[in-house]
Structures are given as structure tokens and as C-alpha cells.
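Trainee: The structure's right below; bear with me while I get my questions together.
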Amino acid sequence: MSEAPAAPRTASADRARREGIGLLVRPPEPRAGWRLLPARVAAMCAVELQKLRHDRTELYTRAVQPALWLLIFGQTFTRIRAIPTDGIPYIDYLAPGIIAQSAMFIAIFYGIQIIWERDAGVLNKLLVTPTPRSALITGKAFAAGVKSLVQAVVVIVIAALLGVALTWNPLKLLGVAAVVVLGSAFFSCLSMTIAGIVLSRDRLMGIGQAITMPLFFGSNALYPVSIMPGWLQTISKVNPLSHQVDALRGLLLGTPADLPADFAVLGVAAALGIAAASSLLGRLAR
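Spelled out as C-alpha cells, the structure:
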């Protein structure tokens, strides 16, 4: 009895076989950078949250300074009424400025971490992956934003315990989170840009300490722009921290604020910071 004829091979099977052989000869093309960007940002944020979960010491120690600003500086100047705040208690006026200040102080030294990663050999390993440099910087920038956001929550709780009249509108609180993240992204990118220029932790520490106080006192965090001298008003208008504080006051206290302009300035500043830090990342890794 003759054997049954073999079934003819389908075209789809032939195509799959050819593609399988092709993968052995030619590796698959890496995914485009825009596909890797969300995953990289999420991974960096998860790393920062894991650090806070396993070691809360930094969170507690960093909460001391904003608490002192609100307890001592805020309540003292509320009593003497030396700074015009349009009828708002000074401690209420101060609280959004301290939120922005504490977030900036966390982000402005973020370049030290990337220098440490270079010294430990981690940065070179990241740069040989298919991940674009802009994705690496964006991930680190928004990881700094997540870290600053946790600090902002601590400051908001302290302010609420001190009787500061803050809003609890969920949409406005989401806007506060976006403002904190964008501001922290810019200042962390500024720090990583400086790290790419000076290439040293000691120099970065010195420059970071030299620019934090001018950024803070050259903003509207402690006093309104209207009482500043003319030259300082000009600086305050181009200071991203002033726009961050203005947006936080408008969202948390309901004071007049140009929120579209504030968000636009913070968004553009963060984008420029990411571009600058990405361009210097290769120099840092040499």
C-alpha cells in the first residue's frame, strides 16, 4: 500500500523559517528611543522610591530645614507683619516658597549622583545600552522630581499642622505635583549639566552651594516681587524658581497667578535642561 503524500509546506511556514534564519545572521533592530523613554523614566523613578523605602533617614533629615523655616521664620514674620502679603498670613504666603525651596535643594545636588555612577563604572554601562542619552537624563530628572514630590508632601503636612490654609482640591493638588516635578527636573538637569562641565564632586558641591542661595533669594519665595529693587525684579522674572513659587501659590492658596505662563516657563526650562545635560553626558563618562 503506497504512503500518503506529504502535505505541502505552507507559505507562512516558509516565511517564518526564512525570518528565523535571518535573525541568526542579522540581529533585530533596537527599538526607537521614544519607545524606551517611558520605560527608562519609570525604572529610574522606581529606583528612587526603593531608596526612600529602604532608607528614610534622608527624608527625615531634609524635613528639619523646611520645618524650621515655617516654625521660626514664618511665625515670627507673621507677628511683626514686616512684609506685605495682601492680607494673607505670612506663614501661608511662605509655605509654597518653602515647598519649592526644599525641592530645589534636593535636585540641585543631583549631579553628585551621576558623578558617583561614573566613578563606580555604572554610567559607562548605561551608555553602551541602546537607550538614548536623552532618555537616561530624562529618567534621572523625573526621578529627582519623584523624590522632591515626596519631600513636598512632608512640607505640606507640616504646613497643614501649623494651620496654613491650603486647598485640598484633587485637581489643584495634581497641578502642584506637576509643578514640583517640572521644577525639580530643571534643577536636577542644571546640576547634571554643571557636573558635565566640572567633572568633579568637590567642584560641583562648591558651585551648587554658590548658586542655591542666589536662586532662592532672587525669587519670590520669601517676599513679593513688587518690593524688590529694579535689578532684582528683572532677575526674578527669568528665575524658574519664581515661576514655580507663583504657580504653587496660585494652586495652593488661590492667589492671582499666571498659571499657563508658569507651566510654559517650567516646561521649556526642563526641556532645555534635558538637552544640555544630554549633550554633556558623553564628556562626563570619558
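Using the numbering used here, you'd call the opening residue of the sequence shown number 25 and step up by one each time. Backbone N, C-alpha and C fix where the C-beta goes; we use that ideal spot for every residue, glycine too. All figures in this text were calculated on a predicted structure; none of them were measured in a lab.
Measuring alpha carbon to alpha carbon, tell me which residue in Asp110, Arg77 and Pro90 is nearest Gly278.
Mentor: That would be Asp110, whose Cα lies nearest to the Cα of Gly278.
Trainee: Pull up the distance between the alpha-carbon of Asp270 and that of Leu283, whole angstroms please.
Mentor: Distance between the alpha carbons of Asp270 and Leu283 is about 8 Å.
Trainee: Suppose the cutoff is 6 Å on Cβ atoms and the five residues either side in sequence are ignored; what does the same chain contact list for Trp93 look like?
Mentor: Correct list, in chain order: Ile122.
Trainee: Are the C-beta atoms of Asp270 and some chain B residue less than 7 Å apart?
Mentor: Absent from the structure: chain B. Only one protein chain is present.
Trainee: Just confirm the distance between the C-beta atoms of Ala127 and Ala176, as a whole number of angstroms; I'd bet it's less than 8 Å.
Mentor: Going by Cβ atoms, the distance from Ala127 to Ala176 rounds to 6 Å, so yes, they are a contact pair.
Trainee: Once DSSP output is grouped into helix, strand and coil, what is the label at Trp192?
Mentor: The answer is coil: DSSP assigns Trp192 none of H, G, I, E or B.
Trainee: Touching or not, the region 226-239 and the region 169-185, by the rule of three or more beta carbon pairs under 8 Å?
Mentor: Result no; under three Cβ-Cβ pairs closer than 8 Å.
Trainee: Report the residue from Leu73, Ala87, Pro108 and Ile96 whose alpha carbon sits nearest the alpha carbon of Tyr247.
Mentor: When each option's Cα is compared against that of Tyr247, the closest is Pro108.
Trainee: Starting from Pro284, trace the alpha helix (DSSP H) both ways and give me its first and last residue.
Mentor: It spans Leu283 to Ala309 - the alpha helix (DSSP H) in which Pro284 sits, taken as one unbroken run.
Trainee: Are the CB atoms of Ile161 and Ala301 within a distance shorter than 7 Å?
Mentor: It is a contact, given that the beta carbons lie within the stated cut-off.
Trainee: Check Thr81 in the structure and name its three-state DSSP category.
Mentor: In the structure shown, Thr81 sits in a helix (DSSP, three-state: H, G or I).
Trainee: Classify Phe133 as helix, strand or coil using the three-state DSSP reduction.
Mentor: It is coil, neither helix nor strand.
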